[in-house]
Amino acid sequence: AAKEAGRSQNMAFEPVMLYARQLRRDTATELRQGIGRNELFLAFQPVVELATGRMTGVEALIRWRHPQRGLIMPDEFISIAEETGIILDVGRWVLRAALEQVARWEAQLSLEPDFKLRVNLSAKELQRLDLVDHVRRALSETGIAPGRLVIEITESAFVSGGDVEMYSLRSLNALGVGIEIDDFGTGYSSISYLRRLPVQTVKVDRSLIREISADPGQLQFVDAVHGLIQAAGMEAVFEGIETLDQAADLLVLGCRSGQGYYFSKPLEAEQVAAILESGTTLPLVQASAAASTA
Ligand code: C2E
Ligand code: MG
Ligand code: MG
Ligand code: MG
């Protein structure tokens, strides 16, 4: 009976697995085509100075407008792109498109000298010896100063990082490009090597700050994590700030920089330009509430 149950379970499970595998294969093929067909685009989420709400930069986040399936978010296709190697083409497209957008903002408006563009890179891209050359070329062809660019890499990429990855990071640093650890606190980070990495900023994962306003112990813990990052000589950015309470609590801890739905969701390039042009501080809801009572 146990055998039978096992078999019937398999029979129910197999088509699902086959379907999932087929979907991944289709997604990979269609993604490769989609790059050439202009189906990819970028959203830009503001990074904010917590004390003032001033936008000090943006993170470029990829989206895919699929002709049949509609809008597809990165969590649905980045891992497939990594498994199939398509991430190299995707990554090149992202870097170029993001830098071109910053060049357009620079031409239209005057960007503050400290305005930064953050671009996510997958570990696979760091393993390419030609990455640094590509970044250098993209910067010089778009006329963007290397100091405006920050590369975000998840913690896990550092953990498995070998010589080539370290070479890439050091060479990017040497170019003047900043390096940031993304999703800090979710992987298995070794604190001892935090100090030795060619990294300037650490983006603390949203799972760490989710409960800070409800749980004093968690607030204390985040305070300690912040202290650790500072002791390593790095600056912290807090992601996933969804409420005023969280923003206020982080500010009391002396945290300077953050990002999250409370301030702004990822925006279209034109919306970013409008904020830059008007010098509006975030969150926008406060500005519009003020406008409606005026
Ligand atoms: P990430 O780099 O950690 O980006 C932050 C994600 O959290 C984004 O999701 C953003 O929209 C979302 N987010 C921002 N604020 C909040 C908030 O307050 N609450 C909540 N719940 N979420 C918030 P998105 O755009 O779906 O991207 C997911 C992940 O996909 C990114 O995580 C990044 O790892 C990856 N990704 C996105 N764009 C690229 C890219 O161009 N290249 C690569 N290699 N990966 C990318
Ligand atoms: Mg990121
Ligand atoms: Mg993150
Ligand atoms: Mg993430």
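For the sequence shown, UniProt numbering begins at 227 and goes up steadily by one. We treat Cβ as the ideally placed atom computed from N, Cα and C, and that holds for glycine.
Taking the CA atoms as reference points, residue 322 sits about 35 Å from residue 453. The alpha-carbon separation between residue 299 and residue 288 amounts to approximately 7 Å. Residue 431 has its alpha-carbon roughly 16 Å from the corresponding atom of residue 416. For residue 410, there is no enclosing alpha helix (DSSP H); the residue is found in the beta strand (DSSP E) stretching over 404-410.
With respect to the 7 Å criterion, residue 272 and residue 508 are classified as neighbours on the basis of their beta carbons. The three-state secondary structure of residue 332, taken from DSSP, is helix. A Cβ closer than 7 Å to some heavy atom of ligand 2 marks a residue here, and those residues are 285, 344, 346, 378, 408, 429. Residue 270 sits in a strand when the DSSP states are folded into three classes. Of 252, 242, 349, 325, the smallest CA-CA separation from residue 366 is found for 325. Under the three-state reduction of DSSP output, residue 392 falls in the helix class. Closest in alpha carbon position to residue 475, among 397, 440, 291, is 440.
By the neighbour-count criterion, in which a residue is buried when 16 or more other Cβ atoms sit within 10 angstroms of its Cβ, residue 346 is buried.
The three-state reading of DSSP puts residue 280 in coil, since its state is none of H, G, I, E or B. Within the stretch 460-509, the runs of beta strand (DSSP E) that reach at least 3 residues and sit entirely inside it are, in chain order, 461-464.
For residue 428, the enclosing beta strand (DSSP E) stretches over residues 427-430. By the Cβ neighbour-count rule, residue 378 is buried, with 16 or more other Cβ atoms within 10 Å of its own.
The residue among 313, 462, 261 with its C-alpha nearest the C-alpha of residue 405 is 462.
Going by C-alpha positions, residue 302 is about 29 Å away from residue 398. The three-state reading of DSSP puts residue 246 in helix, counting H, G and I together.
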